[in-house]
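To start, the structure itself, in structure tokens.
Numbering (UniProt numbering), first residue to last: 1 to 84.
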């Protein structure tokens, strides 16, 4: 319902999730070993946020942790570790 009332805002949320995803991918490549647990917490909270918003976005978000990196399709944009 929210998507029909505020389509631009819902689209912006999808774009926000895409940017968060890309930031997580980049962060995974740049962190030191002492930052791994913090990064894992960021990933966990990203999954919670994307799960919470999937109903509003009108599609399930396919978040998969593969070989230590995120791989997902958000609002039709495929991201993987080669894009970060």
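Glycine included, each C-beta is placed from N, C-alpha and C at the ideal position.
Computed from a prediction, not measured in an experiment: that's the story for all the values here.
* **C-alpha distance - residue 38 paired with residue 26, whole-angstrom precision** => Taking the chain shown and counting its residues from 1, the one referred to as residue 38 is at position 38. Taking the chain shown and counting its residues from 1, the one referred to as residue 26 is at position 26. Roughly 14 Å between the two C-alpha positions.
* **Local Cβ density within 10 Å of residue 15, reported as buried at 16 or more and exposed below that** => Counting from one through the chain shown, the residue named residue 15 turns up at place 15. Exposed.
* State yes or no: is the C-beta of residue 24 nearer than 7 Å to some heavy atom of the ligand ATP? => Of the ligands one can find in the structure shown there are none, so the ligand ATP has no counterpart to examine.
* Measure the C-alpha to C-alpha separation of residue 56 and residue 24 and round it to an integer number of angstroms. => Position 56 of the chain shown, counted from the first residue, corresponds to residue 56. Position 24 of the chain shown, counted from the first residue, corresponds to residue 24. Going from the Cα of residue 56 to the Cα of residue 24 covers about 22 Å.
* According to the Cβ coordinates, are residue 53 and residue 30 closer than 8 Å? -> In the chain shown, counting from the first residue as 1, residue 53 sits at position 53. In the chain shown, counting from the first residue as 1, residue 30 sits at position 30. For residue 53 and residue 30, no; Cβs fall outside 8 Å.
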